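*Asks:* Please see the structure below; I have some questions.
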Amino acid sequence: MKRLESVGGLAVSQQKEWGEILTGFEGINKYVVSDERGTELFYALEERGSLLARLFLKAYRPFAINVLSRDGQTLLRIERPFRFYFHTAQIFDGAGTLIGTLERHFSVLRRVYSVLSIDGTKLFELFGPLLHPWTFEIREGGRQRGMIQKKWTGLAKEAFTDADNFGVTFPSDWPVERKTLALGAVFLIDFVHFENKGSR
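Using the working numbering, read the sequence shown as starting at 16 and increasing by one per residue.
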């Protein structure tokens, strides 16, 4: 993930195939991750899991997503177990070593996640304000340090697909580990808050 060293923002774009758009059957999720200049850095691909889980649990299904370099090398892996509410995900590097965990907290009106190091120390928090449902502030030590935001893709695309596009900003001088965890958080947020929302 060294390509994140000098990066201060990312665009994460979900890719949909025409067969999926026309039939409405949810296929495996695929994403392209680019830097703020539009240069493609990584690809992300959901592993093909249980068909029954995909059909009946939909966005609540457990998943594993691998983030790949442009030459196909696994750089990152995000794993989420089945949960109805207290969503969590573990993030591993390409060698399979745990680098952090995401945990959702109980909140009636807001969406709050903690991003934890391997020893359980809170590195930063994701805070979804009530009046901004497409936005998650990245807060470190009580200060806003960045943002994860779902981007409007236009009426036609929003109406016919559940493909999501996200913009992520964070300090360019942040450690690569924290940028990596922020990227991993995008995939959990997409599943929990935006996948299969509405009757498109």
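Ideal Cβ placement from N, Cα and C applies to all residues, glycine included. In this text the structure is predicted, and so the values were computed from the model without any measurement.
Put residue 123 into one of helix, strand or coil per three-state DSSP.
*Replies:* coil
*Asks:* Please state the DSSP three-state secondary structure of residue 115.
*Replies:* strand
*Asks:* What do you get for residue 175, buried or exposed, if any count of 16 or more other CB atoms within 10 angstroms of its CB means buried?
*Replies:* Summary for residue 175: the model assigns pLDDT 45, below 50, so the residue's position carries little reliability; its value from the coordinates is reported in the next sentence. Exposed, since its Cβ has fewer than 16 Cβ neighbours within 10 Å.
*Asks:* Among 24, 136, 42 and 66, which has the Cα closest to the Cα of residue 48?
*Replies:* 24
*Asks:* For residue 188, is the beta carbon positioned less than 7 Å from some heavy atom of the ligand ADP?
*Replies:* Among the ligands in the structure shown, none appear at all, so the ligand ADP cannot be discussed.
*Asks:* Skipping 5 residues on each side, what residues in its chain have a beta carbon closer than 8 Å to that of residue 83?
*Replies:* 57, 58, 59, 60, 89 and 90
*Asks:* Output the distance between the C-alpha atoms of residue 172 and residue 165, rounded to the nearest integer angstrom.
*Replies:* Bear in mind that the predicted position of residue 172 carries a pLDDT of just 49, short of 50, making it unreliable; the figure below should be weighed with that in mind. Between residue 172 and residue 165, the C-alpha separation is close to 14 Å.
*Asks:* What is the DSSP secondary structure of residue 72, counted as helix, strand or coil?
*Replies:* Here residue 72 sits in coil by DSSP.
*Asks:* Taking the CB atoms as reference points, tell me whether residue 99 and residue 128 lie closer together than 8 Å.
*Replies:* no
*Asks:* Going by DSSP, what residues sit across from residue 165 in a beta bridge?
*Replies:* 181
*Asks:* Taking the Cβ atom as the reference point for each residue, do residue 130 and residue 145 lie within a distance shorter than 8 Å?
*Replies:* no
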